[in-house]
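Following: one structure in structure tokens, then a few remarks.
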Amino acid sequence: MQTKSRRQLVAGNWKMNGDKALVEQMQKHLNAANLENMDVVICPPFPYFSLFNSAVKLGSQNISQFDSGAHTGEVSVSMLKEFDCEYVILGHSERRADNFESDELVASKVEQVLKAELTPILCVGEPESVRENGTLFDYIAAQLDAVLGRVGVSQFSNIVLAYEPIWAIGTGKTASPAQAQEVHAFIRAHLAKQDDNIAANIVILYGGSVKGNNAQELFSQADVDGGLIGGASLNPEDFLSICQAANQ
Ligand code: PGA
């Protein structure tokens, strides 16, 4: 694989899965691995945060748009900072669907995370019906524009993007490398309309049924800078082989 100028990143999104034993196994595997040419992030459920040691970068799967106060069940960015959390996944399609998170709410959460100087991993991606009716690029552009309108393009130098086609999440139906590359290139071109430099340097992850046996080909695409991994991040060996595919 041709070495890319952007540092590659692989993030494991455990969703509502895992247990203390997985934390231990995952750390053992990652600590023994030599992954110095890339960034590895684990996004476990909140109760497991304090069990990770400093060799692993931590990400949250969500955050409140509020600073503190009467918001039962929510977790604030300042709390996450106390546990050395560096990244926050926002706009994941499961939260958009299960928790009715609109583009506007996602944008306000991105703003909150940036204010705290953490890195949002902002997810965009279309349902299958949108791909089929030919409005894919308009759909992705609208998701990006909601955040661009709120925080401005210059803030995108502090954001990681993830393209996750909804039809590929947890289905075993991965986007082909060419399909992923096409959308990643579109995202970069869309940002380049406002700022060439930010567009060229932003890290864009692909997510959706990435496994040890397809990671290499996906990550070798010119505009794919690593992955956001769901199911395969629950198996330390699979996750490690995905990380190794990005560690070029
Ligand atoms: P998957 O999930 O790898 O299980 O498809 C990806 C994600 O939802 O981030």
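The opening position of the sequence shown corresponds to residue 1078 in the working numbering, with each subsequent residue numbered one higher.
Idealized CB from N, CA, C, for every residue including glycine.
Are there three or more Cβ pairs, one per stretch, closer than 8 Å when the region 1159-1166 is compared with the region 1126-1136? yes
Does F1296 pass the burial test, meaning 16 or more other C-beta atoms within 10 Å, or should it be called exposed? buried
Residues near Q1104 by beta carbon distance below 8 Å, same chain, minus five either side: F1129, N1130, A1132, V1133
Nearest by alpha-carbon distance to G1095: which of A1266, A1323, P1313 is it? P1313
Along the chain, where does the beta strand (DSSP E) that runs through Q1085 open and close? 1085-1090
Residues near K1250 by beta carbon distance below 7 Å, same chain, minus five either side: W1244, S1286
Same chain, Cβ closer than 6 Å to A1239, five either side skipped, listed in chain order: The residues are I1198, C1200, L1282, G1284, L1305.
Cβ-heavy atom distance, V1237 to the ligand PGA, below 8 Å: no
Proximity winner among A1299, L1311, S1310, relative to Q1085 (alpha-carbon distances): A1299
Going by the C-beta, is L1305 closer than 8 Å to any heavy atom of the ligand PGA? yes
Under the three-state reduction of DSSP, which class applies to M1115: helix, strand or coil? strand
For D1180 and Y1216, I'd like the C-alpha separation in whole angstroms. 11 Å
Nearest by alpha-carbon distance to S1310: which of S1082, Q1189, I1119, E1151 is it? I1119
Whether D1272 touches V1230 by CB criterion (9 Å): yes
Please indicate yes or no: does the CB of A1252 lie closer than 8 Å to some heavy atom of the ligand PGA? No, the Cβ of A1252 stays beyond 8 Å of every heavy atom of the ligand PGA.
Residue range of the unbroken alpha helix (DSSP H) whose run includes Y1216: 1213-1228
Just the Cα atoms here: how many angstroms apart are A1193 and R1173? 23 Å
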